[in-house]
Amino acid sequence: MMLLYNILIIIAVLLLTPIAVGLILGIDRKITAKCQSRKGPPLLQPFFDLFKLFGKEHVITNRWQYFCTYIYLVSAQLAIVLLFLGADLLLIFFVQASCAVFLVIGAMAVPSPYSQIGAHRELLQVLTYEPLLILIIIGIYMTTGSFMVDAVFAVNRPLLYDLPLMIVVLGYVLTIKLRKSPFDIASSHHAHQEIVRGVHTEFAGGNFGIVELAHWYEIGLALCLCMLFWATSIWGALAVLAIAFFLEILVDNISARMTWSWMLFHVWLVGFTLAAINLIWLYMR
Amino acid sequence: MVSTVIPFGPQHPVLPEPVHFKLKIEDEKVVDAIPAVGFVHRGLECLVAKKDFVQMTQVVERVCGICSAMHGMCYCMGIEEMMGIEIPKKAAFLRTVWTELHRIHSHLLWFGLYADAFGFESLFMQFWKIREKIMDINEATAGSRVIISVNVIGGVKRDISPEHRQWILSTLDEVEEALRDLEKVVYEDYTIRKRTVGIGVLSKEKAYELGASGPMARGSGIDIDARSLGYAAFPDLDWEPIVEYGGDCFARAKVRFREMLQSIGLVRQAFQKMPRDEEIAVKVTGRPEGEVITRVEQPRGECLYYLKGNGSKNLDRCRIRTPSFANFPPIMSMLIGCRLADVPVIILSMDPCISCTER
Amino acid sequence: MAIEAEDTPLEQLMWKVVTLKEAGYRFLTLTALEVDEETAEIIYHFDINLQMKNLRVRFPKGTKIPSISPIYFAAFWAENEVIDLLGITFSGLKIDYHGTMYLDAEDKDTVKTPFCRYTFVKKEAE
């Protein structure tokens, strides 16, 4: 019975996450367009883009990159499935870390200079947010008493009450993961940077479609982590999601792209300070 | 120290026009930058052999889309000087109006591309939205948005009616208001300042030595503007060259922003002082003979025309030195020692118009 | 009408350019044109405070002109263009594209002089 239940959850997560994230990205593009006095693409545009990529001619130029792309997809899917199965947060952390690393390895497998520099910057981005994510998980542990996701639902007050500063830190992590200005350093959405599309430059066709799909699963994981902060009520969770997402779009539209050294310095300074304050406050209680 | 060679361009999404830089990078710092051009070389100067001196007006207007009326004006001024023709004052004022409008829309275009270079897409969209108003003025008064073809030897082709005049002045009021709103963002936004202040510094001595021109030179403190030569209606207008002393990308952006506001003022002055009822062109007879050099101030800097006629209907030589051509050596000196992330910002702060550079 | 240009023999070119540099002139550009079948000329344009000074140098086609890029570095850019378009060669160019600035690299062995009415045969093979 338990096994059947788990299998159903896995299938539901694998199918519904891309659909939900695709719709959210469509809303993102529409709102961004409205901010820029444009009409914007149709709401389902992310899906059209994804299907277009899968419909392209299947050419494998680099087998190692192809392999890394699949591992990237599988680890991203595994991370979000584990979250919905209520597994250990530390395990989820390491699975999503490995998924980020495999994208970088896939980019480094190609000799293109844009890809190499993009991969290097992507590693710096990962380096920036991973320690903060660990501190957030430690904060959750100190509140719920366990690393398991299930324990978050067992506590009957929202995590936001105990970890108010951690959600700000999670906001930084989300901005980097979603590749929004000022932190769209490794791969900008519009390819208008000196390294063209950065880490994504040499992925093409169906291969790039898989990278996009895996990125959607990663976004899903990050957004679900946001929703965990108000796990007691579905409306609370959706409210946190909506506010966090809207703030991301706002920040994207009011700032330029910064350099990786600024990102590392600024995010660590603010992130570590806020996380430390929150953790110390939790410890003192 | 691992050194990589990054090919920047010619097909690069951040570049508005095709130019190739071979950047030698060591640990994200540029140590060497060699430009390669030639992707849009059309050999327009060569066409003097085929097109007669009247048709050449159209040819030089197509050297560049963004400063096209100024190329036309410079060429016509050269032929007029060679043939001893004096154009009516009204034509001089009309030329000033159209060329200052060109300056405004060129700088607006530049601001959009510049914001795009450091990843601020919404600012890019805002500037181009304002630019559409100027394009509408171009279309209503001259019939075309970009290459407006209003200059003829002896004057201008069209007049601006009093209704259009009112409409242009009210549109410019709207443009000025929109620019004042964006002024705070351009001057004081933290992320923009972080990406442009102190980046691509060109000292005054180096700018002078390497022959920098236009906002590149004025952003480094060199007080030089070819409009001081007193062509068209400029002797009758009240203005001053705009100079900033920072020498970095931020200073150049400031020069261009202030120039936009100054140009709006110049158009207003020109409309006020324009003689009302007069001819807009004089009849031209004869053939050009001799040599002449004319200079105008285009949005990117000082443009020099050397024209040589030999009494036949084809000119002997038409040499065009555009400001983008002159600004290439300074760019090479600015790129050395900068970070890779600053390369598009620096290249765009020169306002590269490669079709002007290569003709 | 003619422009005010100082006729300069080729040997005096470098010396005159050095005096102009010391007087504070900035380099505007150079114009190369062919005069007739045998002769070409280059006019150098300089400027100080919007006052221009021009030097006219006339020489038989095929002569190697001393480059002024050691004095005015910015001149290398204009001189390279002249190599492409008129086939005039320079000695001592700071950065030399060898005629590939506008034209393709494959064509650099043939002398193409699109701006000359009378083309000439390159005597020395490089």
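Protein chains in written order, with our numbering: chain A, 1366 to 1650; chain B, 50 to 408; chain C, 23 to 148. In this text, a Cβ means the ideal position worked out from N, Cα and C, and glycines have one as well. On a predicted model such as this, the values are computed, not experimentally measured, just so you know.
Listed in chain order, the alpha helix (DSSP H) runs fully inside the segment 158-241 of chain B are 170-191, 211-237, counting runs of at least 4 residues. When the beta-carbon positions are compared, B/Ile385 and B/Leu64 stay at least 9 Å from each other.
Within chain B, the residues whose beta carbon sits less than 7 Å from that of C/Ile25 are Glu340, Val341, Ile342, listed in sequence order. The Cβ-Cβ distance between C/Pro88 and C/Leu42 does not fall below 9 Å.
Fewer than three beta-carbon pairs drawn from the segment 231-239 of chain B and the segment 320-327 of chain B are found closer than 8 Å, and the two stretches are therefore not classed as touching. CA-CA distance, B/Tyr163 to C/Lys86, rounds to 42 Å.
Look at B/Phe57 here: in three-state DSSP terms it is strand.
For B/Glu188, same chain residues with a beta-carbon under 6 Å away, outside a window of 5 residues either side, are Arg194 in chain order. By the neighbour-count definition (other C-beta atoms within 10 Å, threshold 16), A/His1565 is a buried residue.
Spatial neighbours of B/Cys298 in its own chain (CB-CB distance under 7 Å, excluding positions within 5 residues in sequence) are listed in chain order as Thr245, Ile248, Gly249, Val394, Ile395, Ser398. Proximity of the segment 123-138 of chain B to the segment 328-345 of chain B meets the contact definition, three or more beta-carbon pairs being nearer than 8 Å. Within the segment 1620-1632 of chain A, those residues whose Cβ lies closer than 9 Å to any Cβ of chain B are, in chain order, Ser1620, Ala1621, Arg1622, Met1623, Thr1624, Trp1625, Ser1626, Trp1627.
DSSP places C/Leu55 in no alpha helix (DSSP H) but in the uninterrupted beta strand (DSSP E) bounded by 48-56. Exclusion of the five residues before and after A/Ile1575 leaves Thr1434, Leu1438 as the residues of its chain whose Cβ lies within less than 6 Å of its Cβ. Counting the other CB atoms within 10 Å of its CB gives B/Lys139 a total of 16 or more, which places it among the buried residues. Ranking A/Leu1588, A/Val1466, A/Ala1641 by CA distance to the CA of A/Ile1389 puts A/Leu1588 first. Per DSSP, reduced to three states, the secondary structure at B/Ala261 is coil, with no helix or strand assignment.
Rounded to whole angstroms, the gap between the alpha carbons of B/Asp101 and B/Val341 is 17 Å. Our two residues, B/Glu223 and A/Val1378, have alpha carbons roughly 52 Å apart in a direct line. Secondary structure note for B/Phe88: it is in no alpha helix (DSSP H), with a DSSP letter that is neither H nor E. At a cut-off of 9 Å between beta-carbon atoms, C/Tyr124 makes contact with chain B.
Residues of the segment 266-285 of chain B that bring their beta carbon within less than 8 Å of a beta carbon in chain C comprise Ile273, Ala275, Ser277, Leu278, in sequence order. Going by C-alpha positions, B/Arg267 is about 54 Å away from A/Ile1502.
Taking a C-beta cut-off of 9 Å against chain A, the contacting residues of the segment 162-182 of chain B are Ala164, Asp165, Ala166, Phe167, Gly168, Phe169, Glu170, Ser171, Leu172, Phe173, Met174, Gln175, Lys178, listed in chain order. Bounds of the beta strand (DSSP E) holding C/Ile64 are 61-70. In the displayed model, C/His120 falls within coil according to three-state DSSP, outside both helix and strand. If you check the CB distance, C/Asp106 and C/Phe112 do not come in under 9 Å. Per the Cβ contact rule, the segment 37-52 of chain C is in contact with the segment 95-109 of chain C (3 or more Cβ pairs under 8 Å). Residues of the segment 342-370 of chain B with a Cβ closer than 9 Å to any Cβ of chain C, in chain order: Ile342, Arg344, Glu351, Leu353, Tyr355, Lys357, Asp365, Arg366, Arg368, Arg370. A Cβ-Cβ contact shorter than 9 Å links A/Leu1415 with A/Leu1578.
Residue contact check for B/Leu389 against chain A: a CB pair falls below 9 Å. Taking 9 Å as the cut-off between beta carbons, the residues of the segment 1460-1484 of chain A near chain B are Pro1478, Tyr1479, Gln1481, Ile1482, in sequence order. A/Cys1591 and A/Leu1535 do touch by the CB rule: their CB atoms are close to 6 Å apart, below 8 Å. For A/Asp1527, the number of other beta carbons within 10 angstroms of its own is at least 16, and it is reported as buried.
Scanning the segment 1552-1602 of chain A from its first residue to its last, the whole alpha helix (DSSP H) runs of 4-plus residues come out as 1571-1592. Distance check between C/Val57 and each of B/Lys71, B/Ile380, B/Gly358, B/Ile403 places B/Gly358 closest, using alpha-carbon atoms only.
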